[in-house]
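Notes to accompany the following structure.
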Amino acid sequence: MKLVRFGEKGQEKPGLIDSTGKVRDLSSVIPDLAGEALSPASLNKIAAVDPASLPLAPEGARLGSCVARPGNFVAVGLNFADHAAETNNPIPDEPVLFNKAPNCVVGPDDDVMIPKGSLKLDWEVELAFVIGTRARYVEEKDALAHVAGYFICNDVSERHFQIERGGQWAKGKGCETFGPLGPWLVTTDEIPDTSDLAMWLEVNGEKVQNGSTKTMIFRIPFLVHYISQFLVLEPGDVITTGTPPGVGLGFKPPRFLKAGDVMRVGIAGLGVQQQTVVPFQL
C-alpha cells in the first residue's frame, strides 16, 4: 500500500493511493498515520478495505508529511561509504546517531526555510522508515517485523551550525522545515528488498546526487537492532538512514542552497518530492 496524509497544514487526514493514482480518504478507518495506526493489525485493517468504497480526497489537495509528527526522529550519519569518503571521514565502526527535532517534519513539497544566521544550507536524499511495533532490545533477525514502511526524507542540513558551531550535530539538523517526508509511506510488502534502491537529488534541474542504497554501511535490520539497544522505539518513530555522495559540502568548492533554489528528491519505488528554498519568515 501507498499511504499519505493530505490537507492543509495542521488539518491533514490519512489517505490511500488507489490503483489509478488517486487519493482516497482513510479518516473513517484510522484517525491518522501515527502511533498505533501504523501497527500490523491496523495496516491489515486498511488493506482489507475496498479503496473504491472510500471518498476521494479533493483534487489537487496538498500532501503533508506521510507520518504525523513522530515522537522520535533519529538519524544515522556517515552511513554510505562513498559519502564518508567525499567528506573525508573514516567509515564508522558503529552507527553515528543524532536526533532531528520532531517538529522539523513538513510535507514533501512544502517550502524549506533558511534559518536565521544560516551560511551553509545543504541537501541530503535519504531512505527513511517508520516503526510500527515497539522495538526494545530487538534481535537483528527480528528487526524488519518492527518496520511499518519506507519513504523519502530530505535531511536538510545547515553545515555551519552542524560543524563550525561546536557540540552535537543536532543544531544543524533540526531547524524548522528541515524534515520533508513523503510523498508516500510505502508498506514493507511492496519493497521487500531495500539493498539496491536508486537515490537521486536535483538542484535547479541539475542532478547533484545519483547513488544507491547498495553503498549503505549499516542496513535497516541492523539499525533497528542497534538503535533499540539505546532507546525504545515506539510506533510512529522515524529513522532516516544516511545519504549517498553529492551533497553541497562535498563539492570543490562547496555549494550551498540559496533562496529560490528548487530541490527534487527521488528514490526508486518511493516517489518524488520537490521543495523551494525560501528566506526566513517570522
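Counting from -17, one number per residue, gives the positions in the sequence shown under my numbering.
Note that the Cβ used here is the ideal one computed from N, Cα and C, for glycine as well.
Being a predicted model, the structure only gives us computed values, none of them experimental.
Rounded to the nearest angstrom, the Cβ distance from residue 255 to residue 156 is 19 Å, too far for a contact under 8 Å.
The C-beta distance from residue 179 to residue 109 rounds to 7 Å, short enough to fall under 8 Å. Assignment of alpha helix (DSSP H) within the segment 63 to 91, counting only whole runs of 4 or more residues, yields 63 to 68 in chain order. In the three-state scheme derived from DSSP, where H, G and I count as helix and E and B as strand, residue 231 is classed as helix. Classified as exposed, residue 70 has fewer than 16 neighbouring CB atoms from the shown chains inside 10 Å of its CB. Nearest neighbour of residue 208 by Cα position, chosen from 196, 64, 2, 221, turns out to be 221. Our two residues, residue 8 and residue -4, have alpha carbons roughly 5 Å apart in a direct line. Of the candidates 103, -12, 65, 170, -12 places its Cα closest to the Cα of residue 44. Per DSSP, reduced to three states, the secondary structure at residue 194 is strand. As a beta-bridge residue in DSSP terms, residue 182 pairs with 192, 248. For residue -12, the uninterrupted beta strand (DSSP E) run begins and ends at -16 to -12, by DSSP.
Around the C-beta of residue 89, 16 or more other C-beta atoms lie within 10 Å, and the residue is accordingly described as buried.
With a contact defined as Cβ atoms closer than 8 Å, residue 159 and residue 247 miss out at about 14 Å.
In this structure, the beta-carbon distance from residue 200 to residue 58 falls below 8 Å. Per DSSP, residue 254 is not a residue of any alpha helix (DSSP H); the beta strand (DSSP E) it occupies stretches across 253 to 260.
Secondary structure note for residue 61: it is in no alpha helix (DSSP H), with a DSSP letter that is neither H nor E. When C-alpha distances from residue 161 are compared across 197, 257, 23, the shortest belongs to 257. Boundaries of the beta strand (DSSP E) around residue 132: 129 to 136.
Setting aside the 5 residues that flank it on each side, residue 14 is surrounded in the same chain by -13, -6, -5, -4, 50, each with a C-beta closer than 8 Å to its C-beta; the list follows chain order. Taking 8 Å as the cut-off, the Cβ atoms of residue 112 and residue 219 count as close. Counting along the chain, residue -1 sits inside the beta strand (DSSP E) bounded by residues -5 to -1. Straight-line measurement puts the Cα of residue 4 at about 10 Å from the Cα of residue 40. Distance from the CA atom of residue 91 to the CA atom of residue 124, rounded to whole angstroms, is 34 Å.
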